[in-house]
Amino acid sequence: MRTQVAIVGAGPAGLMLGHLLQRAGIDTVVLEARSRPYIEQRVRAGVLEQGSVDLLVGAGVGDRLQREGLVHDGIELRFDRRGHRIDFPSLTQGRRITVYGQQEVVKDLVAARIASGAPLHFEVSDVRIAGVEGDSPSIRFRHAGGEETLACDFIAGCDGFHGVCRGVIPASVLTVHERTYPFAWLGILANAAPAHDELIYAHHERGFALFSMRSPTVTRLYLQVPPDEEAHAWSDDRIWAELRRRFQGEDGWAPHEGPVLEKGVTGMRSFVAEPMRFGRLFLLGDAAHIVPPTGAKGMNLALGDARVLAEALQAFYGSGDKEGLDGYSERALARVWRAEHFSWWMTSMLHRFPGDDSFHHRLQMSQLRYVVASRAAATSLAENYVGWQG
Ligand code: FAD
Ligand code: DHB
């Protein structure tokens, strides 16, 4: 088997890259460890920056997104028992966000790929990468009971944080920057109509809570919990009672309650591996960097990496121009570090840290009050939230 670009992993990064390259007439093969139903049902992120929406629509995979995505003009920060709204369009020259589940983006991209007839192999195993330092890299893997070899010009490592691609880069070449946080998020999906039109990020003495949604009938909610928490320690009643407490304010607002459809705990970490290229191997998305979910950057970074690498590969195949490939890591990392800072800042401002003292707590409250009172500070939050274009 031979292709021009071999893509490991069918998450947002791998599928978007495959789609952009396929449209540009560049051959790709996508290898995915899991089954199609598994990747299409995995509940994860839900917020698309304006730039991600523009990318999906511009690439012809935005029809359902435009029909079903929920366009939001702002978010609420809730503290001191009151809601404080940050309006995006007025602070960012008209930019907005769209709430659309990651698994819906994945479904749309898988459908487009299958319709195009381009190869996408599910349930591959034992993926082994060779030759990325030379001119003819290859991937060996097992699929449908047989051993296969895929020869290619380039390998795109889009296989997430626990994938194999990052491990191919020697430790002497790779620098890792990392921070883990002393808490996790318990996330639920509930069969209940959203009780508010926009997302609510709540700072509360018992810990952070986030109100989000997936559709006019499904609410998504998160609670800050200890880092080693088990989801089954939280009965539905306990979850709703805690959510009511953390959102409680003078206005009496509370999320609508309904049957819990799904429940899971996500750890919180910041992680960047540099550089994002080694020879003919390029890393994209979570394979190279992780952000804590506060600020909703993970899926957007994965899509952004795909856009940058697709442009570079198009220039290379079009005219032999290697500049984009050589500049890929630096270009992608500039955006990654902005999102790393923003998500760290949002996380630090909104969560309770174990062992917080009164000084730390007063600083957080001062920062929150400043962000909603100062147009300059609100603008900084808004332009990062909708996606900094710098
Ligand atoms: P992934 O989506 O992880 O895709 C990688 C793919 O590679 C997977 O399909 C995997 O099965 C496949 N793979 C792995 N190893 C191999 C292999 N050896 N061979 C072949 N295929 C392989 N971000 C937010 O902004 N907000 C959130 O609320 C949020 N919640 C999250 C909850 C969870 C539980 C997790 C794990 C992440 C969450 N994120 C969230 C982050 C966001 O979902 C990711 O940043 C995003 O999925 C990154 O896309 P990706 O394509 O880089 O990686
Ligand atoms: C969602 C997740 C986030 O991390 C966030 O900051 C906002 C919304 C969500 O899943 O809807």
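Anchor point for the sequence shown: position 74 equals 73 in this note's numbering, and the numbering is continuous, going up by one each time.
Just so you know, even glycine gets a beta-carbon here, dropped at the ideal spot from N, CA and C.
These numbers were taken from a predicted model, which means no experiment stands behind them.
- Approximately 6 Å separates the beta-carbon atoms of Pro-181 and Pro-226; this is inside 8 Å, confirming the contact.
- Secondary structure at His-203: coil, using DSSP grouped into helix, strand and coil.
- Cα atoms of Phe-281 and Gln-366: separation of roughly 38 Å, rounded to the nearest angstrom.
- Fewer than three pairs of CB atoms, one per stretch, sit closer than 8 Å, so the stretch 197 to 213 makes no contact with the stretch 228 to 239.
- In the three-state reduction of the DSSP assignment, Asp-53 falls in the helix class.
- Set against 7 Å, the gap from the CB of Gly-248 to the closest heavy atom of the ligand FAD is not smaller.
- In its chain, beyond the 5 residues on either side, Arg-337 have a beta carbon closer than 7 Å to the beta carbon of Trp-387.
- Between the C-alpha atoms of Gly-317 and Ser-357 there is a straight-line separation of about 59 Å.
- Taken through DSSP and simplified to helix, strand or coil, Phe-315 comes out as helix.
- The straight-line gap separating the alpha-carbon atoms of Phe-78 and Phe-341 is approximately 19 Å.
- Val-56 counts as exposed, since fewer than 16 other C-beta atoms from the protein chains shown sit within 10 angstroms of its C-beta.
- Out of Val-370, Thr-216 and Gly-389, the CA that lies nearest to the CA of Arg-330 is found in Gly-389.
- Checking the 7 Å criterion, the Cβ of Arg-219 is within range of a heavy atom belonging to the ligand DHB.
- Between Val-7 and Leu-30, the gap from beta carbon to beta carbon is short of 8 Å.
- In this structure, the alpha-carbon of Ala-111 lies about 44 Å from that of Gln-247.
- DSSP, read as helix, strand or coil, puts Pro-88 in helix.
- In this structure His-360 does not touch Phe-207 by the C-beta definition: roughly 13 Å separates them, more than the 8 Å allowed.
- One thing to note: Val-131 has its Cβ within 8 Å of the Cβ of Arg-279.
- In this structure, the C-beta of Pro-11 approaches the ligand FAD to less than 7 Å from one of its heavy atoms.
- The bridge partners DSSP lists for Phe-140 are Glu-147.
- In the three-state scheme derived from DSSP, where H, G and I count as helix and E and B as strand, Glu-339 is classed as helix.
- Sixteen is the threshold: when 16 or more other Cβ atoms of the shown chains lie within 10 Å of the Cβ of Ser-269, as they do, the residue is buried.
- DSSP places Ala-111 inside the alpha helix (DSSP H), whose first and last residues are 101 to 115.
- For Asp-227, the distance from the CB to the nearest heavy atom of the ligand FAD is not below 7 Å.
- When the Cα atoms are used, Ala-301 and Met-364 turn out to be separated by approximately 32 Å.
- With contact defined as three or more Cβ pairs closer than 8 Å, the stretch 60 to 74 and the stretch 303 to 323 are not in contact.
- Distance from the C-beta of Gly-82 to the nearest heavy atom of the ligand DHB is not below 7 Å.
- Secondary structure of His-255 (DSSP, three-state): coil.
- DSSP, read as helix, strand or coil, puts His-195 in coil.
- Comparing alpha-carbon positions, the option among Pro-11, Leu-380 and Val-371 lying closest to His-83 turns out to be Val-371.
- Taking the Cα positions, Ala-201 is about 28 Å away from His-176.
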